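Right, here's the structure in full:
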């Protein structure tokens, strides 16, 4: 088990704060001033927030964190609770990895995935492994997604790294 994953799990943070602090923000980044996302063709701010964002919008770090926490809870955690009825009983590390993956690829993809099936079947290590399969964009394996899904890099923890650290 990696020291940084062990430290993250020992931090005492709740699910949303743990996910945001150790996975989502380090991988997504935070921009306090709205910018035009050319790929998504939408104004974006903070950690990927697009709802109601207009050119010139500016937020503090605290406002960005609050926005992300609310989005993770309402738009991602709640749908995961519906598609994996045992979601709240899963190991915290698996919940966090699934939540971050859902934020990155969408709840529909995660809910239909082998990872969700394995989580429902209490095959937790298998669920962690299946999350690593979300490493492609446009049908091509992307190094940044491989790092995010697996063991991260020097500065950022990977979902699998955290996921496995919480399993007994």
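Numbering (my numbering), first residue to last: -17 to 150. Virtual Cβ for every residue (Gly too), placed ideally from N, Cα, C. From a predicted model like this one, the values you see are computed outputs, not experimental measurements.
- In the structure shown, residue 79 adopts helical secondary structure according to DSSP, grouped into three states.
- DSSP, read as helix, strand or coil, puts residue 123 in strand.
- The continuous alpha helix (DSSP H) containing residue 96 extends over residues 96 to 102.
- Straight-line spacing of the CA atoms in residue 123 and residue 117 works out to 6 Å.
- Annotation for residue 9: the continuous alpha helix (DSSP H) segment containing it runs 7 to 10.
- By the criterion of at least three beta-carbon pairs nearer than 8 Å, the segment 134 to 144 is in contact with the segment 3 to 15.
- Note on geometry: alpha-carbon atoms of residue 12 and residue 53 lie some 14 Å from one another.
- One alpha carbon belongs to residue 145, the other to residue 62, and they sit about 16 Å apart.
- Under DSSP, residue 27 shares a beta bridge with 31.
- Burial is judged here by how many other beta carbons sit within 10 angstroms of a residue's own beta carbon; residue 82 has at least 16 and is buried.
- By the neighbour-count criterion, in which a residue is buried when 16 or more other Cβ atoms sit within 10 angstroms of its Cβ, residue 100 is buried.
- Secondary structure of residue 19 (DSSP, three-state): strand.
- Straight through space, the alpha carbons of residue 147 and residue -12 are spaced by roughly 6 Å.
- Contact between residue 113 and residue 131 is confirmed by a C-beta separation of about 6 Å, below the 8 Å threshold.
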